[in-house]
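Numbering (our numbering), first residue to last: 22 to 399.
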């Protein structure tokens, strides 16, 4: 597998060659033939979550250093340049289908990987954050590309990262076509790196899922998350710091330390969603990422409609309760920042719910579509 390299002249080409050889020995699923290149400039979403922050409610995303107002301003400016952005993924016509593309990273969850010196699962997160976005349109993932950037290439660490990417692609029936290794001395702190991923899939034009057919009375089925996934870690790290805990803290709800529990990789929903859309008429799909329930669900709900989410219809994992209690975080901030135990949502007619639940893994009816607007968590 070829990996390009952007590096300083002082970089060690031998290290990059060794990494490429090791990656070439990993098991990667067979490539799906692609008849055309994705059109340059095809839109992918740039959505910054909006958060209501009140100082008296304890820690918040803003208090953790994430400037939501600046992010929202950037989104507004980008939308002036390209009004078509805003979905979970971007589409470009290709014959009787659409090519669907998405891009994402792992964020400050990487800080945990650095501190714990555990790098074999963040690659799964990288794949999941992109493929979970593109499947919300009904697209089946086809291929994936990665970008690995560091100050000084540590071949063993990079190999572990790419192993996770390969594992995530195999789990998603998606081909890892290649990637870029960028070694840039002086740009990153020693032992640190950053990741970006890019996924492309396809869906027939008459099978696109866009939420337009959603109506009042439809049910909302939630699919459980594996944990925090890859959003909100700036706030998580601030909670740990302010509460006097550490990544080594033992927690009663897991046989792992707090840090290793937080590193649990993002759940991949590809196989469940692909099976679901063959079984029932899915009208809308939502990947619960940054912005939580309140910001993400309305992205697929037609104007004039809202949603009512019923508390108690699923078990909120103890990890989220620990974060909230140790950070003094308000309920409203939790549902605006984290997935709260639900990582993917499907909207369908009530008549299809039983069949969907019978086929789903860790799924439950958590709410319904109602007249109105917004997300009401009751």
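Using N, Cα and C, we set each Cβ at its ideal position, and we do this for glycine too.
* **Residue from 145, 346, 160 with nearest C-alpha to residue 166** => The count along the chain shown starts at 1 and reaches residue 166 at position 145. Selection 145, 346, 160 evaluated against residue 166 yields 145 as nearest (Cα-Cα).
* Asked: Which word fits residue 142, buried or exposed, when buried means at least 16 other C-beta atoms lie within 10 angstroms of its C-beta?
  -> Sequence index remark: in the chain shown, residue 142 carries index 121 (1-based). By the neighbour-count criterion, in which a residue is buried when 16 or more other Cβ atoms sit within 10 angstroms of its Cβ, residue 142 is buried.
* Should residue 343 go down as buried or exposed, given a rule of 16 or more other Cβ atoms within 10 Å for buried? -> Taking the chain shown and counting its residues from 1, the one referred to as residue 343 is at position 322. By the beta-carbon neighbour count (other beta carbons within 10 angstroms, threshold 16), residue 343 is buried.
* For residue 98, does the count of other Cβ atoms within 10 angstroms reach 16, so buried, or fall short, so exposed? -> The residue you call residue 98 lines up with position 77 of the chain shown. Of the other Cβ atoms in all chains shown, fewer than 16 fall within 10 Å of the Cβ of residue 98; this residue is therefore exposed.
* For residue 171, the residue or residues it bridges with in DSSP -> Position 150 of the chain shown, counting from 1, holds the residue named residue 171. Assignment of beta-bridge partners to residue 171 by DSSP yields 204, 214.
* Does the beta carbon of residue 113 come closer than 7 Å to any beta carbon on chain B? -> Looking for chain B here will not work: only one protein chain is present.
* **Contact under 7 Å by Cβ, residue 159 with residue 234** => The count along the chain shown starts at 1 and reaches residue 159 at position 138. The count along the chain shown starts at 1 and reaches residue 234 at position 213. Taking C-beta atoms as the reference points, residue 159 and residue 234 fail to come closer than 7 Å.
* Asked: Who are residue 240's beta bridge partners in DSSP?
  -> Here residue 240 corresponds to residue number 219 of the chain shown, with the count starting at 1. For residue 240, the pairing in a beta bridge is given by DSSP as 369, 389.
* To do: Figure out for me which residue from 147, 117, 172, 311 has the closest Cα to the Cα of residue 127.
  => Numbered from its first residue, the chain shown carries residue 127 at position 106. Ranked by Cα distance from residue 127, the options 147, 117, 172, 311 are led by 147.
* **Distance between residue 294 and residue 124 (C-alpha atoms, nearest Å)** => For the purposes of this step, residue 124 is taken as residue 103 along the chain shown, with counting starting at 1. For the purposes of this step, residue 294 is taken as residue 273 along the chain shown, with counting starting at 1. Taking the straight line joining both Cα atoms gives about 19 Å.
* **Inter-residue spacing [alpha-carbon to alpha-carbon] between residue 222 and residue 216** => Here residue 222 refers to the residue found at position 201 when the chain shown is read from its first residue. Here residue 216 refers to the residue found at position 195 when the chain shown is read from its first residue. Taking the straight line from one Cα to the other gives about 20 Å.
* Quick one: any contact between the stretch 344 to 351 and the stretch 253 to 261, if contact means 3 or more CB pairs under 8 Å? -> With the rule of 3 Cβ pairs closer than 8 Å, the stretch 344 to 351 counts as touching the stretch 253 to 261.
* Whose C-beta lies closer than 7 Å to the C-beta of residue 225 among residues of the same chain, with five residues either side of it excluded? -> Along the chain shown, one-based indexing puts residue 225 at 204. Excluding positions up to five away in sequence, the list reads 117, 118.
* Between which two residues does the beta strand (DSSP E) harbouring residue 230 extend? -> Indexing the chain shown from 1 puts residue 230 at position 209. First-last for residue 230: undefined, no H or E at that position.
* Residues of its chain near residue 399, where Cβ-Cβ distance is below 8 Å and the 5 sequence neighbours each way are ignored -> Taking the first residue of the chain shown as position 1, residue 399 is located at position 378. Excluding sequence neighbours, residue 399 sits near 329, 330, 331, 332.
* Find the nearest neighbour of residue 374 within the set 363, 336, 94, 389, judged by alpha-carbon distance. => Position 353 of the chain shown, counted from the first residue, corresponds to residue 374. Measuring from the Cα of residue 374, the nearest candidate turns out to be 389.
* By a C-beta neighbour count over all protein chains shown, 10 Å radius and 16 as the cutoff for buried, is residue 274 buried or exposed? -> Here residue 274 corresponds to residue number 253 of the chain shown, with the count starting at 1. So residue 274 ends up on the exposed side.
* Looking at C-beta atoms only, is the number of pairs between the stretch 241 to 259 and the stretch 288 to 306 that lie closer than 8 Å three or more? -> Segment contact: the stretch 241 to 259 against the stretch 288 to 306, three or more CB-CB distances shorter than 8 Å; contact assigned.
* Asked: Which class does residue 296 belong to by DSSP, given the choice of helix, strand or coil?
  -> Counted from its first residue, the chain shown places residue 296 at position 275. Here residue 296 sits in helix by DSSP.
* To do: Output the residue ranges of the beta strand (DSSP E) runs that lie fully inside the stretch 267 to 339 and measure 3 residues or longer, sorted by chain position.
  => Every beta strand (DSSP E) stretch that sits fully inside the stretch 267 to 339 and reaches 3 residues is listed by chain position as 303 to 308, 326 to 330.
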